[in-house]
Amino acid sequence: MSAGFSVAGALFAFWIMKTNGNKHLFKGVVYFVLMEILQVVQYSVIARDIDPDDPTLSAMEKSPQCQSSMNRFLTFLGLVHIAFQVRQIFAHTNSTS
């Protein structure tokens, strides 16, 4: 699903630049397209050895997939992206061009 949103969002961003050139709207759409792309990549390193119905800290600490540097890095990027979502939204809310 995230891959589909990524493609649709990228096409929408391209359409925005071709039709009205609204840079603020373009940047907002691209920001959320990047979120979807990040989620697609994160799905490739998700820990499949953890019970999704009962994830425990102990199980996560023992999981090689949870402890991988790639998983940790992608999780950090996800947190940073989420932290700046509000700023991204309000930066372009009152923009007219």
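Quick note on numbering: the sequence shown equals residues 49 to 145 in this note's numbering.
C-beta atoms are modelled at their ideal positions from N, C-alpha and C, and glycine is treated no differently.
Computed from a prediction, not measured in an experiment: that's the story for all the values here.
Local conformation of residue i per DSSP, three classes
i	result
Val78	helix
Ser111	coil
Ala95	coil
Met49	coil
Gly57	helix
Thr104	coil
Residue closest to residue i, alpha-carbon to alpha-carbon, out of the options
i	options	result
Ile137	Ala56, Gly76, Lys71, Trp63	Gly76
Gln113	Met83, Gln90, His129	Gln90
Ser54	Pro103, Val78, Ile130	Val78
Terminal residues of the alpha helix (DSSP H) in which residue i lies
i	result
Asn119	117-131
Distance CB(residue i)-CB(residue j) smaller than 8 Å
i	j	result
Ala61	Val88	no
Ile130	Ser111	no
Leu122	Val93	yes
Phe74	Ile85	no
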